[in-house]
Ligand code: ADP
Ligand code: MG
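In the numbering used here, the protein residues as written are 209 to 895.
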């Protein structure tokens, strides 16, 4: 349970003073629902207010604070013309305070004639005159001191002013309690960080306060690391099964190639882990095409040889079917039963599979998350492999680990090269194997960037490619991130290509029903269709070696890591491949630079680093929508600078005080709750 001390921070924002229905939408758009959300909605910049008593010495263009006395009103000549309050400073210099679109009653009431007020706003030159349009503050002279010289500027949404946001931040701060210190004392001293509440107050008061910001960022990173360490601890406390296959099945494999050194190394590391009685928690990282499937198969066979079962989880149905096919092909001739289970297997087929799993006649099960539903009982699950893990979250990983009586060994495979910082941040509980070497004989992929306005040329090139016996993907962009409109775009493109290419065009998108999707994939894999129009459903894993051209529409709207994934669909056969990126006509500098980088390099790790800098962690990990990867306080720079010490700190704390019972342990619990890592606290004994 969340400690009481945090309750005020988790109060609904609707309880704040002055928050009525009018603010509901603007706040919702910013994701501000509770006091803590506002507390962590830190200002993005600031204005320095020039306090002065002479207009003639103030610079136009700056925000000033000054004592002024209204001397006259000037109503606008027309309904649209503004209402002006003419005012003077103590030295007789004049300025117009300008109010648009209001009836004049309000400014008259706010600024009665001959009553001095402290006024702040941006001073502008308007012809020969000075003006302040809609002053930010109009206060009685005695309240002048309440306006800070440096004022924070917040991220806003329509209907929410900065003044209002500042007021909400102040209310959130008023609710923020002093919290016990969870940061390791020597680190705190070395960094000279303020205590949590101080840091929060300082970060709101002065967005330039790097030290305060850094502390808050550290807290967030630390909470994340600690949560992962708790997952690790809890997983390692469970008993697993030591698995050492005798190699008899693996010896029967007839592979047309020898494993790369990197594959050999990874397989060795996995065998070493599986031989232990504590469950393996290993992340296998390898760029698209680096050969993760073979590594997975070896691990699965290792389990089967030892009389255990293996399960392989894929993020999409297409991919599950493809893995099923691939594994069966690779293992053909072996006495190994490999089955598939997705949401689509129903009735008798499903029953039979469930039976086979329960009685052990099925050795390996491939599927979507259907394979870890309640009804699915394994006789002896020894290994779970999750492919393309970036679609799954820590919570799902935890659920998986708790599936069997004896925890299965867990191998997670990511196709997205993830920068080291992010690996630690999101997979910090796991050991890592990297496939840093590509299988030999890879054909190069040439990447070209073209303006979408040259579509006719693109289609001509596509025609030449197809007439020469080639196959191609045509990827349609994300539209507004809604699957419906993606689908519409893809359907429209397929229609227009059909006008020229007829039945040689296939279509696949996420909204299609399973059998339809399969049929489309199968027709393309069998070379019956030559052009596959698709949404990003083909992003992960899909493998049709004969397809050596990929055209990506609206390339500037994709993340770099995503483009890299898509590009990895080609370059898998024996022909050189081409990736054609179609871009919009009016591209900004950044977009240009990003596409240029795609042209320049095929190094997934470099691309991922850039994407992290440009678009943030959610993009790189593909979890933007789920929100899991969103850091609220820590920037990528913070993460790079702080993740190592946060990790060490969390590790040390768990080692000394695995139950988080000591005073500092208790404080750390508070930190976990503050960042809503409740599930991780739940993993503590009696937590
Ligand atoms: P990933 O899942 O890592 O993207 P795959 O496992 O799908 O990559 O492998 C990509 C292709 O490379 C497949 O066609 C596979 O058969 C082939 N392959 C895997 N390992 C090797 C190897 N050691 N030598 C040659 N080809 C390999
Ligand atoms: Mg794969």
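Heads up, the beta-carbon is just placed ideally off N, CA and C, and yes, glycines get one too.
With a cutoff of 7 Å, residue 725 does not count as near ligand 2, since its C-beta is closer than that to no heavy atom of the ligand. Between the C-alpha atoms of residue 656 and residue 290 there is a straight-line separation of about 53 Å.
Not one heavy atom of ligand 2 lies closer than 7 Å to the C-beta of residue 399. Inclusion of residue 494 in the 7 Å shell around ligand 1 follows from its C-beta lying nearer than that to a non-hydrogen atom of the ligand. Every beta strand (DSSP E) stretch that sits fully inside the stretch 679-734 and reaches 3 residues is listed by chain position as 679-683, 713-716. Distances taken from the Cβ of residue 537 to the heavy atoms of ligand 2 include none shorter than 7 Å. For residue 862, the secondary structure class from DSSP, reduced to helix, strand or coil, is helix.
By the criterion of a C-beta distance shorter than 8 Å, residue 320 is surrounded in its chain by 278, once the five residues flanking it on both sides are discounted.
Proximity of the stretch 479-491 to the stretch 635-644 meets the contact definition, three or more beta-carbon pairs being nearer than 8 Å. Spatial neighbours of residue 852 in its own chain (CB-CB distance under 8 Å, excluding positions within 5 residues in sequence) are listed in chain order as 632. Here residue 576 is near residue 525, since their CB atoms are less than 8 Å apart. With a threshold of 16 other beta carbon atoms within 10 Å, residue 701 meets it and is buried.
For residue 871, the three-state secondary structure derived from DSSP is helix. Runs of the beta strand (DSSP E) lying entirely within the stretch 213-293, each at least 3 residues long, are 253-256, 271-282 in chain order. Boundaries of the beta strand (DSSP E) around residue 326: 325-334.
Residue 346 sits away from residue 273, with the two beta carbons spaced by 8 Å or more. Remark: C-beta atoms of residue 332 and residue 257 do not approach each other more closely than 8 Å. Between residue 423 and residue 397 a beta carbon distance of about 13 Å is seen, past the 8 Å cut, so the two are scored as non-contacting. In the DSSP assignment, residue 442 falls within the alpha helix (DSSP H) that extends over 418-445. Setting aside the 5 residues that flank it on each side, residue 532 is surrounded in the same chain by 546, 548, 574, each with a C-beta closer than 7 Å to its C-beta; the list follows chain order. Distances taken from the Cβ of residue 502 to the heavy atoms of ligand 1 include one shorter than 7 Å. With fewer than 16 other Cβ atoms from the protein chains shown falling within 10 Å of its own Cβ, residue 569 counts as exposed. Taking the Cα positions, residue 261 is about 57 Å away from residue 860.
From the listed residues 515, 770, 679, the smallest Cα separation to residue 735 is found for 679. Between the stretch 552-567 and the stretch 490-510, the count of C-beta pairs closer than 8 Å stays below three; the two stretches do not touch.
Look at residue 793 here: in three-state DSSP terms it is coil, with no helix or strand label.
Pairing residue 213 with residue 246 gives a Cβ-Cβ distance that is not under 8 Å. About 6 Å separates the beta carbons of residue 715 and residue 698, which is inside the 8 Å limit, making them a contact pair. Between ligand 2 and the CB of residue 595, the shortest heavy atom gap is smaller than 7 Å. Around the beta carbon of residue 761, 16 or more other beta carbons lie within 10 angstroms, which makes this residue buried. Each residue's CA atom was taken as its position, placing residue 726 and residue 746 some 12 Å apart. Here residue 786 is bridged, per DSSP, to 654, 757. By the neighbour-count criterion, in which a residue is buried when 16 or more other Cβ atoms sit within 10 angstroms of its Cβ, residue 442 is buried. Rounded to whole angstroms, the gap between the alpha carbons of residue 458 and residue 661 is 53 Å. Judged by DSSP in its simplified three-state form, residue 359 adopts strand.
Take the alpha-carbon of residue 437 and the one of residue 444: they are about 10 Å apart.
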